[in-house]
Amino acid sequence: MKKLKLGNSELEVGEISLGCMRINKLEKKDARYVIENAMDTGVDLFDHADIYGAGESESVFAKAIDMNDDVREKMKLQTKCGIRDGYFDFSKDHILESVEGSLKRLKTDYVDSLLLHRPDALFEPEEVAEAFAVLKESGKVRYFGVSNQNPMQIELLKKYLKEDLIVNQMQLSVVHTPMIDAGFNVNMQNDPAVMRDGSIIEYCRLHDISIQAWSPFQHGMIEGPFVGNKEFPQVNAKLKELAEKYGVTDSSIAIAWILRHPANIQPVVGTMNTERMRDIAKASNIELTRQEWYELYIAAGNELP
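My numbering numbers the first residue of the sequence shown as 5 and each following residue consecutively.
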């Protein structure tokens, strides 16, 4: 698998990462196989959050792999915090408490990256900066990022930070493209012209922030997969056509479509199916042509002006 660097950091990781939200549903031996299989394909960044399985996903991950120093050196661990039961919380105390809990569950002394999960309207950027400084100085977090944030939210936070933000995790799939749509419809009076994210792709490219694409196979707000879904006949027909051309699966093409974009986007794949993960990993070796990329975009129901 090809490698990329997250933001302007020294973190060099596989182009595709594994999201561990559902790993708590697996038995230890099955979870271990999922992790080892992913690493065999070149995946080395594992994405967690303190709320996944109410923390159990982090615990299952560490127990499954029998976490120790040798294992830890072979992988990059990322976790997120800020979502609580019914509200969001970027307070200093909660961030520090959350990281301590994640470290304990993951059986490690540090995480490679910590992301703020969902924007907290009541956050005080000075508090976040204080928390990040404590975590950085103590060696418990190497790098920081955000998730689901627009440029002005990031700018407000950056005003007080000493540390660079290297990641912004955003929803993106070939059937969920608001980040891309507005760029095609500048100054037009149609729905795709509505700027819903403050031009986040361009902002992240300008500021060396890597976008991580969550739910790359989902439509809506995690309403289900679009790959193989009869409700999306045109995009699935095009995925199948290209899959046959490149000798891979439809899912591989869906990921290759994301990787083809020049914004340094890293898909976060949540599959716990080892065979599917091996197939998806092949996307790293596929470079869709410009025409194919646009054909998929249009097949997903989008129109070019």
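We put the CB at the ideal spot given by N, CA and C, even for glycine. Since this is a predicted model, take the numbers as computed values, not measurements.
What residues match up with residue i in a beta bridge as DSSP calls it?
i: Asp51; result: Gly23, Gln82
i: Pro271; result: Ala217
i: Leu8; result: Val17
Got a sec? Which residues, its chain only, sit under 6 angstroms from residue i by beta carbon, not counting five neighbours each side?
i: Leu100; result: Ala135
i: Phe236; result: Phe230
i: Val75; result: Ile69
i: Lys6; result: Glu19, Ser288
i: Val17; result: Asp48, Leu49, Lys80
i: Ile257; result: Leu243, Leu246, Ala247
i: Phe65; result: Cys24, Ile27
i: Asp185; result: Pro196
i: Gly11; result: Ile170, Asp212, Ile213, Ser214
i: Pro182; result: Arg200
i: Val272; result: Ser21, Gly23, Asp51, Gln216, Trp218
Just verifying my parser: in three-state terms, what is the DSSP assignment at residue i?
i: Glu16; result: strand
i: Arg282; result: helix
i: Leu120; result: strand
i: Arg88; result: strand
i: Asn43; result: Reading off the sequence, residue 43 comes out as Met, not Asn. Helix.
i: Arg76; result: helix
i: Ser142; result: coil
i: Asn306; result: coil
i: Phe127; result: coil
i: Asn28; result: helix
i: Leu292; result: coil
i: Arg264; result: coil
i: Ile257; result: helix
i: Asp34; result: helix
Can you list, in chain order, the residues of its chain whose CB lies under 8 angstroms from that of residue i, leaving out five sequence neighbours each side?
i: Val239; result: Val178, Val179, Phe230, Leu300, Ala303, Ala304, Gly305
i: Asn191; result: Ala197
i: Glu307; result: Pro196
i: Met156; result: Gly202
i: Gly228; result: Gln222
i: Asn189; result: Pro196, Ala197, Pro309
Taking 7 angstroms as the limit between beta carbons, can you name the residues of its chain near residue i, skipping five residues before and five after?
i: Asn154; result: Asp201, Gly202, Ile204
i: Ser312; result: Outside the modelled stretch of the chain, which goes from 5 to 309, sits residue 312, for which no answer is possible.
i: Val145; result: Val103, Tyr114, Val115, Leu118, Leu139
i: Arg26; result: Gly274, Met276
i: Ser95; result: Glu131
i: Trp297; result: Trp261, Arg264
i: Asp124; result: Gly86, Phe92, Asp93, Phe94
i: Arg36; result: Ala68, Ile69
i: Glu4; result: Past the edges of the chain, shown from 5 to 309, lies residue 4, and the structure says nothing about it.
i: Ala267; result: Ile205, Cys208, Arg209, Ile215
i: Leu165; result: Ala133, Phe136
i: Val38; result: Ile27, Leu30, Met276, Thr278
i: Lys111; result: Ala66, Met71
Using 8 angstroms as the limit for Cβ to Cβ distance, is residue i near chain C?
i: Asn194; result: Going by chain labels, chain C is absent from the structure shown, which holds only one protein chain.
In chain order, which continuous runs of the beta strand (DSSP E) of length 3 or greater are located wholly inside the region 170-254? 214-218
Hey, which unbroken runs of the alpha helix (DSSP H) at 4 residues or more fall wholly within the region 91-116? 96-110
Which ranges would you report for the beta strand (DSSP E) in the region 145-169 if only whole runs of at least 3 residues count? 145-151
The region 31-48 in contact with the region 72-79 per 3-pair CB rule at 8 angstroms: yes
Pairing CB atoms from the region 53-63 with CB atoms from the region 82-89, are three or more of them under 8 angstroms? yes
Three or more C-beta pairs closer than 8 angstroms, one from the region 154-174 and one from the region 125-144: is that the case here? yes
Can at least three beta-carbon pairs, one atom from the region 253-261 and one from the region 275-295, be found at a separation below 8 angstroms? yes
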